[in-house]
Structures are given as C-alpha cells and as structure tokens.
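**Q** Here it is, the structure in full.
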Amino acid sequence: MKFLQNFFDSIEPKFEKGAKWEKYHPIYEGFRTIHFSPKLVSPKKGAQIKDAVDLKRLMFTVVIAMIPCLLFGIWNVGHQHFLAVGEAATLTDKLWVGSLQVIPILIVSYGVGLLTEFIFCVVRQHAVEEGFLVSGMLIPLVLPPTIPLWQVAVATVFAVVIAKEIFGGTGMNVLNVALTARAFLYFGYPSQMSGEVWTYLGDKTPVDGYSGATILSYGAEAASTNGDMMALAASHWYSGMFEFWNMFIGIIPGSIGETSTLMCLIGALILIATGVGSWKIIVGVFAGAWLMGLGFNAIGANSYMDWPAHYHLVAGGLAFGAVFMATDPVTAAQTEKGKWIYGLLIGVMTVLIRVINPAFPEGIMLAILLLNVFAPLIDYFVVEFNKKRRLKRATV
Amino acid sequence: MPEFSKLSSCLNLLTNIFASAFDSQVLIINMSKNIKLKRGFDINLVGKAEKKFTELAQPETFAIKPTDFPHIIGPKLLVAEGDTVKAGSPLFFEKTMDTVMFCAPVSGEIVEIKRGAKRRLLEIKILADKQVESAQFKKFSASDLNGISRDEVISHISAHGAWPQIIQRPYGIVANPATTPKAIFISGFDSHPNAPDMAFILQDKEAYFQTGLTVLSKLTDGDIHLTLSAKEEVPSVFGSVSGIKVNKISGPHPAGNVGVQIHHILPIGKGDLIWTVTPYGVAQIGKLFAEGIHDASKIVAITGSEVNEPSYIRTYTGACTNKVAEGMIKSGRNRLISGNVLTGESVGRDGYMGFYHNQVSVIPEGDYEEFFGWLAPSAKKLSFYRTLGMFSFLNRKQQHVVDTNQHGEHRNFVVTGAFEEVMPMDVLPMYLFKAIMAEDFENMEALGIFELVEEDVALCEFIDVSKHPLQDILREGIELVRNS
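Listed below in structure tokens is the structure:
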C-alpha cells in the first residue's frame, strides 16, 4: 500500500497550513485516516500504550450488526411487493426489486449525510468523525420503502445539522440522529410516512381486497371504534400475516429494516457479544414493553388492551429501536443503573403510546426521543445517589 | 407549592432507599479487610524481569528533577554548578514547605543545573564519584526510637532527604510535615504491567523496613495499613512486621494501587488526610534512622519487549538511562520509559529516571501508519474490548508486544460504562472527568477527586476509545481543587 501512502504524502503539502487548500485539511485528514490508521503516538507522560480499539472500529461493529436487518429488509421489500401485486416470484426477483428500492435510499442517506458532515468539518475545522457511519445506515432502515429520495435527503441534512452538528458533533448530541430524521419526516411529510406506504407497489395494481394496514393500525382502529383487534387482524387480505411467528421472523410490511425481530436479535447478539451495545438497555426495553402489555391485559378495557403482551415485542419497530436506537451510547443514559431505568421507560412508553394514543400507531420512535431528552435527568439522580453514598461512606 | 414538596420528598425517599441498598455492600468489604476486587484489567506484556541481576556499569551522572513533584512551584536552590556534594546533602527545597529538603542521591560534583522555559528548574545533575560517599547523620538505636518525639522524627526525615517518599492524599503530593494524617497506607505489591517484584527489590531490607514502620507510627495517631496481595506469597521483607494492620487484597490491576486499597479500607472524605509510602520509601526512612545515612541506592527492573534480557540492575535514584540504553536494549526505534507503561514517562536514551520509579520499560515506538488498521482483525493487538476483529480477549494470559501507537485520533466521549469496569472504586469516572473539564469544583469534590491520583485513572486512559489524556486531565483537576 506504499503507493497510496505516497499519493497522500504527495498531496499533503497542498492541505498544510498556509497552502492553497488549507481549509480542506479535515477532509484530507479524514480520507487518509480511513485508509491508514494514523501514526500518532502516546504522549511523553502518562499511559505509554493505548488500547487497539478506536471509535472507527467501534462504530463499524454497529454497522456490521445491522447488516442482517438490511439484507432481510431488501428481501422483504421485494417479497411484500410480489405478495401485494399477486405475482409469483423467485428469490432473485425479490432481491432485485428490493435492491432497486432500498439501495438508492442508502446511497442518498450516506451521500447527503457525509457531504453535510464534510461541509461542517471545513466550516468548523474539526476532524471528520465516525458517528455518521452508523446514522447513515440507520436512517434508511427506519424509513418506508416508498419514501421519495428527496425527502431522505432533506431529512438527513436536517438530522445531521440540527440534531448533531450544532451541538458540537459526534458525542455531543442530545437526540438520536437517525430518529430525528425519521421524526422530521413523520411530522413534516405525514402522508409519506403513514397509511399506504409500507408496501412498495410500483406502478402495478394490487390484488383484490389488498390493504396496507399494519397490525398496529388495526390496534388503533379497534381501540377507537371499540372493535375486535384480533378479528380485524384475522380478516387481513393475506391470511396469517399477523400471526406471532410471522411477525417474529418479520415477513410483514413496515419500515425497511425494522420488521424482523429475529434479525434484530441477531444484531443484538453481535452488539452484546462485542460489548458495544448495552444489554441492560436492550433487555430493559423488551421488559418494559412486556410488563406494560401485561398491565394493559389486566385492565382489558378494549380489545387492543387485551392483545397478548408478547405480541407487542414483535410488532412495529420495537425490537429495532431497542437494539439499535436506544443503545446509542451518546443519547442514552450513561450510568449503569440509569441504563436500566432508561430502557424500561422506553418499553413502557412505547406500549403506552401504542395503546392509549391512536394518533400515533407506533410509539417506539417517540418513546426513544422522549427518553433521550430525559436521560440526563435519570443520570442526574443516579449521580446524586453516588454522591450521597460517597459522602456517607467517608463520614462513617 | 405543596405538590412540589411532595414530589421532592418522594424523590428523597427514593434516594435514600437506593443509597442504603448500596451501603450494605460497602460495609461488608469494610469490616473484613480482606478485599476482593472483580473490576480491573491485567495487562500482560512481554518482557517481565527475571529475578537476577545484570551487572551494568553505573552511569556517570544522576539527576534530581523537581518536575517529579507536582507541589513544587518555587524551588530554592542550595547548590551551584561546581559544588561538591555527598549523598544526603540538600540540593533544594520548595519555598512553601521549607523544612523538606531534596537531597543528593549520590556524592559528586554538580555539573549542570538545567532550566527550561521561564527559567523553570528541570534537572540538577551530579557527576558521581566512583565510590559514593554518604553524609553521616545522627543514628538512633532501638531504645532511642522508643522515646523519640514526633517533631524529632519529622525534622530528621525532612532534613535528610527521605521525606519526599511520603505522599499525601488528597492531591498526591509530598506530605506537609505540619499536618497529621488519619492513617498511613503502604501497598505491599505493584500490579502494574511487568512491575518489579517487591521481595526482590527489597532484599535484605527487613530490619530497615521494620525500623521505618516504627518511625512512621510516630507520625500518625491512626493505624499504619500494609496491604498485601492475597494470591502471592508474602515477601520475606513483610514476614515479621509488627505494630501495624495487614490487609489482603485480590483481583486484577489496579489491586496494587494504594488508592484502591484506601478506598476500600478507609475512604477519604473532604478534610481527611492520608499519607502513603512505598515499601522502598519505608526502608529508606528506616535506614536513615538505623544507620544515619540517606541511602538512595535502589534495585531497578529493566523490562519490556525491547530489552535483551529483562532483569534487575543496582543503581541509585535519578540514574541516567544511558548505560541501560547502551547495554541492555535491542536496536530499533524504541521508547525508553522511566516507570511502567501505564504511568511512566518517556525519558529517552540519555534521560534520567524519575524519583519514584524502580522500573524501566522499553517498548517499540509506534509512529507508523497501518493500512486499514482500524478494520483489520488481529489477535496480536491488545485490547480490553471484544469489538469486531479484536481477538485478544480470547486469551487473556497471552503476553503481548505493545508499541506506543495511539490507535486512532482524539474524539469526544462516546462509549459509556467502560471506565467503571476497570475502576474498582465507587467512583463514576466519566462524570468526574467531565466535571474537571467544566471546572465544576463542587462536583469534582463530590465525585471523588480527593481519592484519586494519576495512577488510579491510568487504566481508563489506556482503554479510552476517544484517546483522552485522562491522567493529565485528572492532575489539572487536582491542581484546581488544591489551589482553590
């Protein structure tokens, strides 16, 4: 790789202080450090050796953990398409159709996001940071496959600038970047973010009786009309769609990467095994949602409340949110006890929003954003406990 | 606002429930004095010193570096270039603590007084005599020591060069003789990477060590605590100690850090004062009373992957590293460190060992670029984490060759919960660091800055994915609090 090193060495003078492209130095630096880990050495005093892990490797681990969700998502977009239009299709057909929908969204998200980052790095003269490696992948996975590409671009710019860069970049943001992008679209362009958006139809006509309803929209409908949720779900045009195991595997319409609880759990396994994601948060979210579901079962005021609690865990984006969104270390609670509370409350809030508030069929996005805002408060109390305890110990 | 007060009392109740739930855990540890640590991290490196001596010529020069003592701001020199000194002759003192003398480790001629920017005193170099000649001070027999007063002890130690061996907490600075500590702590072992063997470097020092303990007991109304490793054999130097409390501690590094031991035995609160001494320091103090000389000779472990035969040498405090560089280390781009790789200082091939160090580490310099180094899988690279492609966790016993490469650039804090895993204290390191960065005095104190010195956060610095200089940050915080 000497030639690449030589190439970087040869262009380096142009980016040095006082040279022509001085202000683009962060971008030069960014590209060089992606290809070569830098030759920085430990300072003269203090720890003379450093752990071999850096933020790039850490973030990349998260990206790898999302790949099962991405691949399954691509297949599922194709699969749902052919189901809805009533055509038989091979695996290749499904992957092809899915790729045509998903890959452009992925490219726009990464392209526009990185461009925004680069502009900020030049303006603010800070290093290119790794955070967007993960956000760029997360954004497509939480959007419906039918989303217009320009909306992906607008939302990505909004999220990178408003949610992250104005706070000071990776590590400084209060809200999860990818969820901010989703929330922006959800409130800014609701017609592309709800209703008949979860299945890609293209220019084909769907089969007779087709509807793009999701299990959560059936729930909301049942709750507001006092109908029977299970009967509604059973009357779905494609029978068996909303059975537990079908939802667990994820062969249902929904956002690109969120449908498969199984794939999310594989991701969770990677995150937990590598120690990158907090298992406390993941377990907390699932436990909170399940307990809240049980609570509603006990009340049983309508058929949505009667919906068995474990169904909540495989519906909508709960699993995806729990594994990839709630565990974002920057926006989550940062103390170990706080992580339990944070996770549990996200689970509780998700089911609460789902069941009680029919205006928002899915609650995980809002629950995580809300708890992002409250995470510092949770930590505040945990830290205060620590201070009190310390004070007590020292004065005994 | 009645609702509000209700809410706050409710929160208070919650706080107390939480607090008491944790208390019970702490109390159990407190009573038994047999501490078991789970958290921490042992760094296994190639190049542990074999228990034998390499005969190496003494370096021509030795130096005392005022920069080794963080409390020194205005040193007052007592010697000039060209003066001759004996081992134990005073060289300088700090104006704010003018009874504590910093003395020559060897006899010879002052050849250079090196100053840096703003005339800051950096090194006082002594060209050593072939045969070290010690200044003779008053000797104390065992019966003398029985009736000795505290003031006499203090003046004898502080006038003749052994006082800087006594460090006070909070702040990790040389103790002020005008104060009285709540207790004195001695850690009987060193758990740093490739640390010297305590029994080996203190051979034949049993009697001096016990004399040192007797003397130190005059300095505190409380106890002297010696904490030993529960998994190692008790070194003979500690075998027959009396008049003190002996505790045991087990677990990974930093079990040997005296700060961790204090934390579990007698936590430091605001206003508390604890003194710490290394076993080497105790023996030096003991010899000063028993023989009446300032003996700065020490046994130093020469360790690290770039040392030909890692072993021990005999030398004196402040030795020049040139003989080690010439005689013991491999060729190549190496870094010569005074101290261990976690807390030491790179001094170069012609530098001087730190006052408190009894180890030299030599490791490869890491100033190279690595093609996709952040992505390539490796079992050779040492990592605390199990992140993708890092396989060193599969075999924690394996000894690694680690160079000085920083592995990545500086970033903001992102990872949470990792520092706690290598910090076996009830401290929230990241919140403390953030409080220091924000110069938030109240939180620095409440979050435990009184309990910590640099070595206590060295593992955090090692594992920090965002590559912060955490030991420097902690020292900045300590100085802020100390000077406020």
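Here the protein sequences line up with chains A and B, keeping their order. Position in the first sequence counted from 1, then plus 2, gives you our numbering. Position in the second sequence counted from 1, then plus 3, gives you our numbering. All C-beta atoms in this analysis are idealised placements derived from N, C-alpha and C, irrespective of residue type, glycine included.
Given this structure, state the Cα-to-Cα distance separating A:K52 from B:D45, to the nearest angstrom.
**A** Going by the C-alpha atoms only, they are around 14 Å apart.
**Q** Interface residues of chain B around A:Q50 at Cβ under 8 Å?
**A** Within 8 Å Cβ-Cβ: R338, I340, V344, L345, G347, S349, S364, I366, T407.
**Q** Could you compute how far the alpha carbon of A:A317 sits from the alpha carbon of A:D205?
**A** If I take the Cα positions, the gap works out to 28 Å.
**Q** What are the residues that DSSP puts in a beta bridge with B:V310?
**A** B:I332.
**Q** Would you tell me roughly how many angstroms separate the C-alpha atoms of B:W278 and B:T230, rounded to the nearest one?
**A** So the two alpha carbons sit approximately 14 Å from each other.
**Q** Any residues in the segment 281-311 of chain A with a beta carbon nearer than 9 Å to a beta carbon of chain B? Which ones, in chain order?
**A** Answer set for the segment 281-311 of chain A: K282.
**Q** Report the partner residues of B:M104 according to the DSSP bridge assignment.
**A** Per DSSP, B:F96.
**Q** Is there a C-beta anywhere in chain D that falls below 8 Å from the one on B:W278?
**A** The structure shown contains no chain D; the protein chains it does contain are A and B.
**Q** Cutting at 6 Å between CB atoms, please list the residues of its own chain near B:E464, excluding the five before and the five after it.
**A** So the qualifying residues of the chain are L473, Q474.
**Q** Less than 8 Å between CB atoms is the rule here; does B:E475 satisfy it with respect to chain A?
**A** Note on identity: in this sequence residue 475 of chain B is Asp, with Glu being the wrong assignment. Chain A contact via Cβ: present.
**Q** What does B:Y359 touch in chain A if you count any residue whose Cβ is under 9 Å from its own?
**A** Those do not exist, as B:Y359 stays about 13 Å from chain A at its closest Cβ, beyond 9 Å.
**Q** When the Cα atoms are used, what is the spatial distance from A:E119 to B:G259?
**A** A:E119 and B:G259: Cα-Cα distance of roughly 45 Å.
**Q** Could you give the residue range of the alpha helix (DSSP H) that holds B:V218?
**A** Start and end: 209-219.
**Q** Measure from the C-beta of A:H314 to each C-beta in chain B and report whether the shortest distance is under 8 Å.
**A** Closer than 8 Å: no.
**Q** Using the Cβ count rule (16 or more neighbours within 10 Å means buried), how would you classify A:I76?
**A** Buried, by the Cβ-count rule.
**Q** Measure the CB-CB distance between B:F56 and B:Y319 and report whether it falls below 8 Å.
**A** Not a contact, by the Cβ cut-off of 8 Å.
**Q** So which residues on chain A does B:S144 lean against when the C-beta distance must stay under 7 Å?
**A** Per Cβ cutoff of 7 Å: no residues; B:S144 is ~41 Å from chain A at best.
**Q** Could you name the residues that DSSP lists as bridge partners for B:L231?
**A** Answer is B:K251, bridged to B:L231.
**Q** Tell me the rounded alpha-carbon separation between A:M265 and A:S39.
**A** One C-alpha to the other measures close to 32 Å.
**Q** Taking only the alpha-carbon atoms, compute the straight-line gap between B:E312 and A:Q50 and give it to the nearest angstrom.
**A** Answer to the nearest angstrom: the Cα atoms are 21 Å apart.
**Q** Measure the alpha-carbon distance for B:E126 versus B:I75 and round it to whole angstroms.
**A** Their backbone Cα atoms lie some 13 Å apart in a straight line.
**Q** Quick one: what's got a C-beta closer than 6 Å to B:V49's C-beta in the same chain, skipping five residues either side?
**A** Taken in chain order, the residues that qualify are S308, Q402, V404.
**Q** Start and end of the beta strand (DSSP E) containing B:L80?
**A** Its beta strand (DSSP E) spans residues 78-80.
**Q** Along the chain, where does the alpha helix (DSSP H) that runs through B:F444 open and close?
**A** Residues 444-449.
**Q** In chain order, what residues of the same chain lie with their CB nearer than 7 Å to the CB of A:A235, ignoring the 5 residues before and after it?
**A** Hits under 7 Å: I217, Y220, F244.
**Q** Report yes or no: do three or more beta-carbon pairs, one from the segment 61-70 of chain A and one from the segment 356-373 of chain B, lie closer than 8 Å?
**A** Flag = no, the segment 61-70 of chain A and the segment 356-373 of chain B do not touch.
**Q** Exposed or buried, what is B:R118 when buried is set at 16 or more other beta-carbons lying within 10 Å of its beta-carbon?
**A** B:R118 should be labelled exposed.
**Q** Got a sec: is the Cβ-Cβ distance from A:T182 to anything in chain B below 8 Å?
**A** No, because no Cβ of chain B sits closer than 8 Å to the Cβ of A:T182.
**Q** Nearest-angstrom Cα distance between B:G284 and B:M433?
**A** Spanning the two alpha carbons is a distance of roughly 33 Å.
**Q** Closest by CA to A:A161, which one among A:A129, A:L116, A:S196?
**A** Residue A:L116 is the option with its Cα nearest to A:A161.
**Q** Report the option in B:V244, B:Q168, B:G262, B:S245 whose CA atom is closest to the CA atom of B:I252.
**A** Looking at the Cα atoms, B:G262 is the closest of the given residues.
**Q** Measuring alpha carbon to alpha carbon, tell me which of A:E223, A:H37, A:V332 ends up nearest A:S305.
**A** The shortest Cα separation from A:S305 among A:E223, A:H37, A:V332 belongs to A:E223.
**Q** Tell me, which residues are paired with B:K301 by DSSP?
**A** According to DSSP, which records beta bridges pairwise, B:K301 is partnered with B:T318.
**Q** Below 7 Å between beta carbons is the criterion; list the residues of the segment 459-475 of chain B that meet it against any residue of chain A, in chain order.
**A** Those would be A461, E464, F465, I466, V468, S469, K470, P472, Q474, D475, in chain order.
**Q** Can you list the residues of chain A that B:S386 reaches, using a CB-CB cut of under 8 Å?
**A** Per Cβ cutoff of 8 Å: D53, A54, V55.
**Q** Assuming the contact rule is C-beta atoms closer than 8 Å, A:S257 and A:P146 should be a hit. Round their C-beta distance to whole Å, please.
**A** Their Cβ separation, rounded to whole angstroms, is 6 Å, which keeps A:S257 and A:P146 in contact under 8 Å.
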